[in-house]
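Participant: Numbering (the working numbering), first residue to last: 238 to 450.
No residue lacks a Cβ here, since even glycine has one placed at the ideal position from N, Cα and C.
So that we are looking at the same thing, I have put the structure below in structure tokens.
And the structure:
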């Protein structure tokens, strides 16, 4: 995960956006690849990085998983906080099914769209040092939901700030979240996301909520 840590952070992406800014813009799990060069947006892997699916899951706070709204709110809350704040990673672990996947995507300077697949442990090991050093706040600003039986798909539009009091976000994008309700609680199955760019601005339909629970 850190093999490119010594390479420049401010390498430019298409559209003039720095790598650091673009990766932060891809939100919930963006920090997985923050600070690396373009090659860190890796090609598909046969196995997710950091995989430890045999580790026991911490018990979830029932209030975090009692509804769709609760689990999405918990997801944004657990990664957000001021510089120096330790994140509650056991809380994050408790939101996901075993084997859950987190997939940031983005465009390289040559126009190729790429992605990276990690699991929860891979995200935590890569992002904890950055999140606990830098201020980072992310919130949901709009939601569109498709739900049937025990499954749900949420297009969750977000914005990101370095400080909660910042007047404007430095990034926006969409988290595509798959959820499972096992009859007892909600679980996150997958989060797949990308950030807004000058070439691909968020359309109005994803800035207005279309339903939620």
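Give the single residue among 332, 299 and 381 whose Cα lies nearest to the Cα of residue 440.
Facilitator: Closest option to residue 440, Cα to Cα, is 381.
Participant: Using 8 Å as the threshold, is the C-beta distance between residue 396 and residue 378 below it?
Facilitator: In this structure, residue 378 lies closer than 8 Å to residue 396 by Cβ.
Participant: Identify which residue in 343, 342, 318 and 401 has its Cα closest to the Cα of residue 368.
Facilitator: Among 343, 342, 318 and 401, the Cα nearest to that of residue 368 is on 318.
Participant: Going along the chain, which unbroken runs of the alpha helix (DSSP H) with 4 or more residues stay wholly within the stretch 284–343?
Facilitator: List check, alpha helix (DSSP H) in window: 299–302, 305–316 and 326–330.
Participant: Would you please state the rounded distance, in angstroms, between the beta carbons of residue 357 and residue 339? I believe it to be under 8 Å.
Facilitator: Going by Cβ atoms, the distance from residue 357 to residue 339 rounds to 7 Å, so yes, they are a contact pair.
Participant: Identify whether residue 445 lies in helix, strand or coil by the three-state DSSP scheme.
Facilitator: DSSP places residue 445 in coil when its eight states are reduced to three.
Participant: Using alpha carbons as the reference points, say which of 327, 343 and 301 lies closest to residue 293.
Facilitator: Ranking the options by Cα distance to residue 293, first place goes to 327.
Participant: DSSP three-state label for residue 367, please.
Facilitator: Residue 367: helix per DSSP, three-state reduction.
Participant: Below 8 Å between beta carbons: does that hold for residue 313 and residue 409?
Facilitator: No. Outside cutoff.
Participant: Check residue 281 in the structure and name its three-state DSSP category.
Facilitator: With a pLDDT of only 32 at residue 281, under 50, the local geometry of the prediction cannot be trusted, and the value read off the model is given with reservation. Note: residue 281 maps to coil in three-state DSSP.
Participant: On the DSSP letters alone, give me the boundaries of the beta strand (DSSP E) that residue 391 sits inside.
Facilitator: Residues 388–398.
Participant: Is DSSP giving residue 402 helix, strand or coil here?
Facilitator: If DSSP states are grouped into helix, strand and coil, residue 402 belongs with coil.
Participant: Do residue 343 and residue 431 have their C-beta atoms closer together than 8 Å?
Facilitator: Going by C-beta atoms, residue 343 is nearer than 8 Å to residue 431.
Participant: Give the DSSP-derived three-state secondary structure of residue 426 in the structure shown.
Facilitator: If DSSP states are grouped into helix, strand and coil, residue 426 belongs with the strands.
Participant: Report the CB separation of residue 308 from residue 385 in whole angstroms; it is logged as a contact under 8 Å.
Facilitator: Between residue 385 and residue 308 the Cβ distance is about 18 Å, and since that is not below 8 Å, they are no contact.
Participant: Just tell me which of 415, 371, 331 and 364 has its CA closest to the CA of residue 311.
Facilitator: If we check each option's Cα against that of residue 311, 331 comes out closest.
Participant: Residue 378 bridges to which residues according to DSSP?
Facilitator: Residue 378 pairs with nothing; no bridge assigned.
Participant: Relative to the C-alpha of residue 316, which residue among 360, 391 and 296 is closest?
Facilitator: For residue 316, the nearest C-alpha among the options comes from 360.
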